[in-house]
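Residue 34 in our numbering sits at position 34 of the sequence shown, and the numbers go up by one each step.
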Amino acid sequence: MPNRLAGETSPYLLQHKDNPVDWWPWGPDALAHAKLLDKPIFLSIGYAACHWCHV
């Protein structure tokens, strides 16, 4: 499966670069690909926090 997050600079995106999901960073390439395949976009909005902030 392609790994499109490996080259990103966002710490949040880099946390998910090894997920078994074909994630695309938000941008014109993702939009064009979805339009080409006539598929919806699943938008994941998340956050990154230290261990103590989310326990």
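Here a beta-carbon is modelled for each residue, glycine too, at the ideal position from N, C-alpha and C. Remember, predicted model here, so these are calculated numbers, not experimental data.
{"query": "Mapping DSSP to helix, strand and coil, what is A6?", "result": "coil"}
{"query": "Taking the continuous alpha helix (DSSP H) assigned at L43, which residues delimit it?", "result": "Run containing L43: none; DSSP gives neither H nor E here."}
{"query": "Which whole-angstrom value is the C-beta distance of L5 and H16, which I expect to be below 8 Å?", "result": "6 Å"}
{"query": "On the three-state DSSP scale, how would you describe Y12?", "result": "helix"}
{"query": "Have a look at G46 and Y12 and give me their C-alpha separation to the nearest angstrom.", "result": "8 Å"}
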